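Quick notes on the structure that follows.
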Amino acid sequence: MKRVELELVSGLRVEFTDRERALGQVGEWAERGTRFPVVIFGPEGCGKSAFLRQVSAMLKELGFDVFYLHPLEWEFRAEVAVPDIRREFVQFVERALGENALGRVAWVALDFVRKLQKARRGRIAVVADDVFQAIGLDAVAAYVKALLNLIEYPASRYERMVVLVATSEGVSRREVGRHLWAEVAPMWNMSKEGFQQLYDKIPSPKPPFDEAWRLTGGNPRMLSRLYEALWNVEGVVSRLVDEKRFSAGFVARWRRWLEAAVEDPDALWSPDAPEELIDELEERNLIIYHMYRREEWAWIDQPPPEKDPEIGVGRRVAWHTPLHREALRRALQEM
Ligand SMILES: Nc1ncnc2c1ncn2[C@@H]1O[C@H](COP(=O)(O)OP(=O)(O)OP(=O)(O)O)[C@@H](O)[C@H]1O
Ligand SMILES: [Mg+2]
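For the sequence shown, this note's numbering begins at 216 and goes up steadily by one.
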């Protein structure tokens, strides 16, 4: 199977690395189809988009017609065997992008899937990355339902359908989870072995592997940020503090809970932990609340450890990465 090339930092392209188990899962979907749309969520920068790029290449190799939708990157592709549909799709996308109508493309793409279902009895994959941001939070449930309808009420009989969606928004996971219209599947940062392979691909100078692991918890985007900052950890943390916009008011209001969560994220699992704070930490993409049980079938790729205080993984609550936790620790010290 061909591995796609990805840009880890500007000027450094690497092959899609590891994620062996996840690719095996794709093989299973390719054989059986997905009974429900699979909605993938996980820490920001853990590699969801990279995975979906690899998946669409892989499914194409396996004879699928692939619709790949990635509105935030203005990228929409219909790699399908019916030339008329392909052409019409390209024309439509060009027009809609000219009008900046990203959300509309995401919706209309589903009509093209129907057209294809009618035109040809084949294998169809819909791979949608971060579509929820383009269509808006209030439309998330409707969009997932529309995807499910493509599987359950197709325009005509198809051979097999694979439908995958990734979201980086903690909030949209909640929206999707309210209905039983999708299989909501978590994906974690890379495993230690997989991350080591990626670490080996970046040029020196770099700190010893264990330090890179301790800082990133296996998150490839954090690896690239550290690399780009010439491993100025302080700098990367300060930038995160600014990006996550911790205000003095926020820190003062929740200090006691935040201090406890920095020590152990499961502190937020306690029944008297304030929901308002949990929501806010989720919305700012700092924690994943309600971590799934670490059973392999429930996860894309390998589940994270049951609990690993070093990298901020608790049993039911986890920091996206140790650097996210560090940013909060810094805010607590400075304010
Ligand atoms: N398995 C991998 N092999 C090589 N590079 C990877 C891999 N996974 C991720 N990367 C790279 O790491 C960076 C972050 O990954 P990616 O953009 O896929 O994360 P994400 O989970 O989609 O993030 P977000 O939540 O912000 O959408 C990207 O530059 C990507 O190309
Ligand atoms: Mg992404």
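We treat Cβ as the ideally placed atom computed from N, Cα and C, and that holds for glycine.
Quick caveat: nothing in here was measured; it's all calculated off a predicted structure.
Using DSSP with H/G/I as helix, E/B as strand and the rest coil, what is residue i?
i	result
Y283	strand
F410	helix
M376	strand
V219	coil
I417	coil
A475	helix
E201	With the chain running from 216 to 550 in the structure shown, residue 201 is simply not present.
N364	helix
A444	coil
S439	helix
K459	coil
D353	helix
R393	coil
D425	helix
M273	helix
G432	coil
P369	coil
P258	coil
G248	coil
P630	Since the displayed the chain opens at 216 and closes at 550, residue 630 lies outside it and no answer follows.
D233	coil
G278	coil
W289	coil
W469	helix
Pull the bridge partners of residue i from the DSSP assignment, please.
i	result
L227	V224
D523	V528
V342	Y283 and L379
E398	V253
W534	I502
With a CB to CB cut of under 7 Å and the five nearest residues on each side skipped, what residues in its chain are close to residue i?
i	result
V295	D280, R301 and L331
V451	R440, L441, A444 and L538
F304	A293 and F327
V355	F347, S387, E390 and V391
R540	V477, G527 and W534
R375	G248 and R338
M216	M273 and E276
A475	A482
F424	Q411 and Y414
Please list, in chain order, all residues of the same chain as residue i whose beta carbon is under 8 Å from its beta carbon, the five residues on each side excluded.
i	result
D481	K522, G529, R530, R531 and V532
V466	L473, A546, L547 and M550
E525	R429 and P537
L438	L223, F410, L413, Y414, I417, A427 and T431
R335	D280, A296 and V297
A321	L284, P286, A343, V346, A349, I350 and Y358
L221	R228, V229, E230, F231, A265 and R268
W156	Nothing in the structure corresponds to residue 156, since the chain is present only between 216 and 550.
Any beta-carbon of chain B closer than 8 Å to the one on residue i?
i	result
G313	You won't find chain B in this structure, because it holds only one protein chain.
Among the residues of its own chain, which have a CB less than 6 Å from the CB of residue i, if the five just before and after it don't count?
i	result
S406	Q517
R268	V219
A340	L274, F279, V281 and V377
A400	V253, I255 and I515
V456	A542, R545 and A546
Y504	I493, E497 and V532
A361	L325
- Task: Starting from the N-terminal side, write out each stretch of the beta strand (DSSP E) that is 3 residues or longer and does not extend beyond the region 291-350.
- Result: Taking only runs of at least 3 residues, the beta strand (DSSP E) segments lying wholly in the region 291-350 are 338-344.
- Task: Let me know the alpha helix (DSSP H) ranges lying completely inside the region 488-520, each 4 residues or longer, listed in chain order.
- Result: 490-498
- Just jot down, in chain order, the residues whose CB lies closer than 7 Å to any heavy atom of ligand 2. Selection output, chain order preserved: K263, S264, D344, D345, A381 and S383.
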